[in-house]
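A quick write-up on the structure given underneath.
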Amino acid sequence: MRYKRAESCCITYNLGVEKKRTEARSASARSRDRGRATRRRLIEATARLCKERPGAEVSVAEIANAAGVFPNQVTYYFGSKDSLLVHAAFLGLLHDARRIERIGRQAPDAATFRRNIARAVLAMPSLPSVTRALAAGISKPELASVVDRHLQLLFRQSERFVSQLIDGRGWRARRPLDVETRTFWSTALGAVLLVRAGAHGTVAELDLAGALTIHDEPEPG
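Take the sequence shown: its letter number 189 is residue 178 in the working numbering, and every next letter is one higher.
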């Protein structure tokens, strides 16, 4: 009888321990979900403010108020306001890039595709914020990896879109698609960065369409 009581107590104890572990895991998962949701709200609120007030300085208090969180949560989740601004700028750019893809799909031929894509990219509302993010990546080494991560995502998304489009249309590119997309975006972002830095001229003087080699004519020769 004493053996059975001891065994029963052991089982009860183990069940109690396992229950506490399960509850702890559940609490940890809920905490992670809340953290992800807060990060998302902060990024989206910052992107919205930057879009509404292009070129204007946005304060931590304004961001926190728009996201419905405390100001200290900006530094808790992102380390600094500059880091949050980088995340928000590229979120806006990725949203704009999806809109650009819809414009590209509507083009009846490759020449129209090149022209429409170039015009639409140079008019993207997210470009001013992205150029500030690029400048932050240069001046603040701790942000360089954040900028690079978002750029790589942009390149992959664009390469996937171009690959699907040319496969479906029977078009071609005169260089590898990873080189095509990197060259195009580097040209577009570099041009805007130069103009905003005070270089003479405007982006309208740039032949961005010429940075694309996508065509629908037969290969020469």
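Think of the CB as a built atom: it goes at the ideal place given N, C-alpha and C, for glycine as much as any other residue.
| query | Per the contact definition of three or more C-beta pairs closer than 8 Å, is the segment 86 to 99 in contact with the segment 148 to 160? | reply | The segment 148 to 160 is in contact with the segment 86 to 99.
| said: Please return the same chain residues whose Cβ sits closer than 8 Å to the Cβ of L123, not counting the five positions on each side in sequence. | reply: Mapped onto the sequence shown, residue 123 falls at position 134. Same-chain partners within the cutoff: V136, L178, L182.
| request: Give me the Cα-Cα distance between T176 and V119, rounded to the nearest whole angstrom. | output: Walking along the sequence shown from the start, residue 176 turns up at place 187. Walking along the sequence shown from the start, residue 119 turns up at place 130. Straight through space, the alpha carbons of V119 and T176 are spaced by roughly 14 Å.
| query | R161 and H204 look like a contact to me (Cβ under 8 Å); what is the Cβ gap, rounded to whole Å? | reply | One-based indexing of the sequence shown puts residue 161 at position 172. One-based indexing of the sequence shown puts residue 204 at position 215. Indeed, because the Cβ distance is near 6 Å, the residues count as touching under 8 Å.
| said: Among the candidates A125, G159, D167, L116, whose CA atom is the shortest distance from the CA of A180? | reply: Translated into positions along the sequence shown, residue 180 becomes position 191. Closest option to A180, Cα to Cα, is L116.
| message | For the segment 77 to 85 against the segment 99 to 116, do three or more pairs of beta-carbon atoms, one drawn from each stretch, fall closer than 8 Å, so that the two count as touching? | response | Between the segment 77 to 85 and the segment 99 to 116 there are three or more C-beta pairs closer than 8 Å, enough to call the two in contact.
| Apart from the five residues on each side of it in sequence, which residues of its chain come closer than 6 Å, Cβ to Cβ, to A107? | On the sequence shown, position 118 is the one that residue 107 refers to. Closer than 6 Å at the Cβ level, and outside the excluded window around A107, lie L197, A198.
| task | Compute the beta-carbon to beta-carbon distance between L31 and A56, rounded to the nearest angstrom, for a pair I have assumed lies under 8 Å. | result | Sequence index remark: in the sequence shown, residue 31 carries index 42 (1-based). Sequence index remark: in the sequence shown, residue 56 carries index 67 (1-based). With a Cβ gap of about 5 Å, L31 and A56 count as contacting.
| field | Residue burial classification, G126 (beta-carbon count within 10 angstroms, cutoff 16) | value | Along the sequence shown, read from residue 1 onward, the residue named residue 126 stands at position 137. By the neighbour-count rule (16 or more Cβ atoms within 10 Å), G126 is buried.
| said: Spatial neighbours of G24 within its chain, please: C-beta separation below 8 Å, excluding the five flanking residues on both sides. | reply: Position 35 of the sequence shown holds residue 24. Cβ-Cβ distances below 8 Å link G24 to Y66 in the same chain, with the five nearest sequence neighbours on each side left out; the list follows chain order.
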